Every structure is written in structure tokens, then in C-alpha cells.
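Have a look at the structure below before the remarks.
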Amino acid sequence: GAGVSQSPSNKVTEKGKDVELRCDPISGHTALYWYRQRLGQGLEFLIYFQGNSAPDKSGLPSDRFSAERTGESVSTLTIQRTQQEDSAVYLCASSLLTGIAGNTIYFGEGSWLTVV
Amino acid sequence: SQKIEQNSEALNIQEGKTATLTCNYTNYSPAYLQWYRQDPGRGPVFLLLIRENEKEKRKERLKVTFDTTLKQSLFHITASQPADSATYLCALLELDTGRRALTFGSGTRLQVQP
């Protein structure tokens, strides 16, 4: 596609429910990244994919968070048993290759999650 | 501990002046550093990349410097315009870990007054 697409753009969920956030990267981009941004804060790294593999999951805040990528394309970030502290914007980004090459990273507009 | 620090206070300047934003880091050995612009409610947009063996990079009205001795990058916008008002984020790729994803600072908000 023309850019990184994320859905839903906004999600309000009740505490304890599970949510799935979807990311469609730019076609042909092998690297895909998930970040979290709380209101007024910087970006917090969650996980990245090289193809369909996730070499580094150390940024995931707890075992309630998981992510997968299939077909070297779409990725889904799942948050189980949501808590109020999960409220944030979840940003997805993609690049042609992973970081060391210094490729431009393109961000989506984010999925705004509010847990009530 | 590893830290990337940007001035959390907003920077207010007059139109036409040069804006200078600072990014300091500790306990990192970055391969390169990038600067992004983020508007409210939007995702960050890439502006410039500077590698650890480069001292300065320019793109139109933007200039970035990188001093690995001081562990600092400066981001300059010359002849600033109200449309430059946004939050500017610095990010680096750490060499010493296996992580191939950027680590971001918390950003500095720039407000250019007409």
C-alpha cells in the first residue's frame, strides 16, 4: 500500500477485555515495529519483526502482550485482559530492512486505545 | 542506565529565527541517530539520519550535528516558520545490543510564533 495502515484508529474497551490491533506495512518492507506512546510521552519500543520472526520481544510490558506477523505482511498486536495503564497510542512502523542499514522508517497514524 | 534526553520544556521562538533542539544520550554506542517530526494525533515522520562517523547533515532548512565525544546531537531549523511548530523526536540505533529497532527520546515541542 501507499503507507502503513493501522486499524482500528480508535478503540474504547472495558477493563479485562482482550483487544487486537492490526498493522498493514508498506508492501515489500521486511521489517515491522510496534511502539507504544502514552499521552505526552515518547515512544516506547515493544517488539520488531524481521520477516515473520521476532528477534527481540524484550519490550513487551507483560505476558498479556503478544504479537505475530504472517506472510511477511500484516501484523497483529494482542493485549489480553486489558488494564487502564494499557491506554495509549500503539504505533506501527515498517522499513525496507531492519535498523542497521539505516533505512527510513515509516509510521502509521496509530491505534488509540482507551481502557475504561 | 541508558538514557536519551531531550528538553521536555517547550521551545518558543519567533518566526524567522533559528530553532536549536538538543538530544543527549548516555551509555549508548549508536550506529546512527535520526530526527523525526510528530504533529498532534499523528505518527512520527522521518526527517534526517546522521551516522556516527558524520559530523553534520543538511536538508533544506534543517541541519543536524552529531558529536560522539559529547554524546550529543543538535537539530537546527533555520528561518523558522509557524508551520514548523510540532514535537521533534530524536532516536538512535544502539550498536552493542542485538536490537535492530530505534530507541526514542521523549521529544521537544517547538512553537514558532508569527
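From first to last, the protein sequence lines stand for chains A and B.
The number in my numbering is simply the position in the first sequence, starting from 1, with 91 added.
The number in my numbering is simply the position in the second sequence, starting from 1, with 346 added.
Built from N, CA and C at the ideal position, the CB exists for glycine as well.
Since the structure is predicted, the reported quantities are computational estimates derived from the model, not experimental observations.
Chain A within 8 Å of residue i, Cβ atoms only
| i | result |
| --- | --- |
| residue 447 of chain B | yes |
| residue 397 of chain B | yes |
| residue 371 of chain B | no |
| residue 378 of chain B | yes |
| residue 420 of chain B | no |
| residue 435 of chain B | yes |
Residue i: contacting residues in chain B (beta-carbon distance under 8 Å)
| i | result |
| --- | --- |
| residue 182 of chain A | 389, 390 |
| residue 136 of chain A | 445, 447, 448, 449, 450 |
Residue i burial status per 10 Å Cβ neighbour count (16 or more: buried)
| i | result |
| --- | --- |
| residue 440 of chain B | buried |
| residue 387 of chain B | exposed |
| residue 460 of chain B | exposed |
| residue 185 of chain A | buried |
| residue 428 of chain B | exposed |
Where residue i meets chain A, residues with beta-carbon distance less than 8 Å
| i | result |
| --- | --- |
| residue 452 of chain B | 132, 133 |
Any C-beta of chain B under 8 Å from that of residue i
| i | result |
| --- | --- |
| residue 196 of chain A | yes |
| residue 107 of chain A | no |
| residue 115 of chain A | no |
| residue 154 of chain A | no |
| residue 177 of chain A | no |
Contact set between residue i and chain B, taken where Cβ atoms lie within less than 7 Å
| i | result |
| --- | --- |
| residue 200 of chain A | 388, 389 |
Neighbouring residues, chain B, relative to residue i (Cβ below 9 Å)
| i | result |
| --- | --- |
| residue 193 of chain A | 377, 378, 380, 395, 397, 439 |
Beta-carbon proximity list for residue i, same chain, < 8 Å, skipping 5 on both sides
| i | result |
| --- | --- |
| residue 142 of chain A | 121, 160, 163 |
**Request:** State whether the stretch 197-206 of chain A contacts the stretch 160-180 of chain A, with contact taken as three or more CB pairs (one from each stretch) at a distance under 8 Å.
**Result:** yes
**Request:** Say whether the stretch 149-157 of chain A touches the stretch 419-439 of chain B, bearing in mind that this needs 3 or more beta-carbon pairs closer than 8 Å, one atom from each stretch.
**Result:** no
**Asked** Is the stretch 133-152 of chain A in contact with the stretch 95-108 of chain A, if contact means three or more CB pairs nearer than 8 Å?
**Response** no
**Request:** Specify whether the stretch 388-396 of chain B and the stretch 357-371 of chain B touch according to this definition: at least 3 beta carbon pairs, one from each stretch, less than 8 Å apart.
**Result:** At 8 Å Cβ cutoff, the stretches do not touch.
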